[in-house]
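Asks: Pasting a structure below so you can have a look.
So, in structure tokens, the structure goes:
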């Protein structure tokens, strides 16, 4: 049966616990930190004027679609009933609203270091040391509503969903038109990047998958890509032909080199959204 990804706000307590338990088990098996390491590596490599794969590039969306899919499959190897939930930050917008509850993602950071004090991923629970990290602090941190004072609104999302084409030259963070750059957040309404900044702390660095809310946020970004695809069936992934420094439609994506954007355009063979 195909995986169904749901809005995190409709999950039952049992579903929330199953998800967090699977994530923690993945961590204890040593299978979580490689995801953090991969993201950290590509965050450093991806630059506007050189080869770029996971960020500042057309492949931002298919690369993260593959990244999420691999993570979801790793969780399902632990519990076949688990799927990735998404956080619709246009509707659940408060610091103490789901998913930031003590029985799920935990809340905002506190104290001078803004350490997350509660929830399954609190450092005090001894389940969640940050091993692949950008500084010496081994605990999850959040500084909500400071680096970005507000989350994107539904009107801003709808504006971005109306944009075509998929992407445009020079296919980096300076692309003046196109859906991908606006969704990623380098210009215009600033959707994806702003949410990272709003959560703050660990979510602002290349090691952002250390905060499990990363997966819920990117799951919603993936859903928005699926929504855009349904809205604009006549517009496909760009660039279609080989283009210097970026991944074209039929180029394999590092580091896996087993998936091309063309193989990830349609998400429905892998999962659907409720």
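Numbering (full-length UniProt numbering), first residue to last: 1 to 274. Even glycine gets a Cβ: it sits at the ideal position worked out from N, Cα and C.
Which term fits residue 120, buried or exposed, when burial requires 16 or more other beta carbons within 10 angstroms of its beta carbon?
Replies: Your numbering for residue 120 matches position 120 in the chain shown. With 16 or more Cβ atoms within 10 Å of its Cβ, residue 120 is classed as buried.
Asks: Taking three-plus beta-carbon pairs below 8 Å as touching, is the stretch 100-108 in contact with the stretch 225-241?
Replies: Taking 8 Å as the limit for Cβ pairs, the verdict is that the stretch 225-241 does not touch the stretch 100-108.
Asks: Grouping DSSP H, G and I as helix and E and B as strand, with all else coil, what is residue 115?
Replies: Indexing the chain shown from 1 puts residue 115 at position 115. Looking at residue 115 - three-state DSSP - the assignment turns out to be strand.
Asks: Going by beta carbon distance, what residues of the same chain come within less than 6 Å of residue 169, once the five residues before and after it are set aside?
Replies: Counting from 1 along the chain shown, the entry for residue 169 is found at position 169. So the list is empty, once near-sequence residues are dropped.
Asks: Just the Cα atoms here: how many angstroms apart are residue 51 and residue 145?
Replies: Residue mapping note: residue 51 aligns to position 51 of the chain shown, counting from 1. Residue mapping note: residue 145 aligns to position 145 of the chain shown, counting from 1. Residue 51 and residue 145: Cα-Cα distance of roughly 33 Å.
Asks: To the nearest angstrom, report how far apart residue 27 and residue 127 are at their CA atoms.
Replies: As a working mapping, residue 27 is identified with position 27 in the chain shown. As a working mapping, residue 127 is identified with position 127 in the chain shown. Each residue's alpha carbon lies about 8 Å from the other.
Asks: Compare the beta carbon distance of residue 266 and residue 161 with 8 Å and say whether it is the shorter of the two.
Replies: To locate residue 266, count along the chain shown from 1; it is residue 266. To locate residue 161, count along the chain shown from 1; it is residue 161. Against a cut-off of 8 Å, the Cβ pair of residue 161 and residue 266 comes out as no contact.
Asks: Under the three-state reduction of DSSP, which class applies to residue 7: helix, strand or coil?
Replies: If you number the chain shown from 1, residue 7 lands on position 7. Note: residue 7 maps to strand in three-state DSSP.
Asks: Tell me, which residues are paired with residue 282 by DSSP?
Replies: Given a span of 1 to 274 for the chain in the structure shown, any question on residue 282 remains unanswerable.
Asks: For residue 257, is the classification buried or exposed, using 16 other Cβ atoms within 10 angstroms of its Cβ as the cut-off for buried?
Replies: The residue labelled residue 257 in the question sits at position 257 within the chain shown. Per the 10 Å Cβ criterion, exposed.
Asks: Between residue 85 and chain C, is there a C-beta pair that is closer than 8 Å?
Replies: Going by chain labels, chain C is absent from the structure shown, which holds only one protein chain.
Asks: At what residues does the alpha helix (DSSP H) containing residue 20 begin and finish?
Replies: Residue 20 sits at position 20 when you count from the first residue of the chain shown. Note, residue 20: alpha helix (DSSP H), 13-28.
Asks: Do you know whose CA, among 166, 187, 87, lies nearest residue 248's CA?
Replies: The count along the chain shown starts at 1 and reaches residue 248 at position 248. Considering only alpha carbons, the answer is 166.
Asks: Below 8 Å on the Cβ atoms is my guess for residue 132 versus residue 207; work out the distance and round it to an integer in Å.
Replies: As a working mapping, residue 132 is identified with position 132 in the chain shown. As a working mapping, residue 207 is identified with position 207 in the chain shown. Right, their Cβ atoms sit about 6 Å apart.
Asks: Considering only DSSP beta bridges, list what residue 110 is partnered with.
Replies: On the chain shown, position 110 is the one that residue 110 refers to. Paired residues: 115.
Asks: Quick one: residues in its chain with C-beta nearer than 8 Å to the C-beta of residue 123, no 5 flanking neighbours on either side, listed in chain order?
Replies: The count along the chain shown starts at 1 and reaches residue 123 at position 123. Closer than 8 Å at the Cβ level, and outside the excluded window around residue 123, lie 115, 116, 129, 138, 139, 140.
Asks: For the alpha helix (DSSP H) that contains residue 38, what are its first and last residues?
Replies: Residue numbering aside, residue 38 sits at position 38 when the chain shown is read from its first letter. Where residue 38 is concerned, the enclosing alpha helix (DSSP H) stretches over 33-45.
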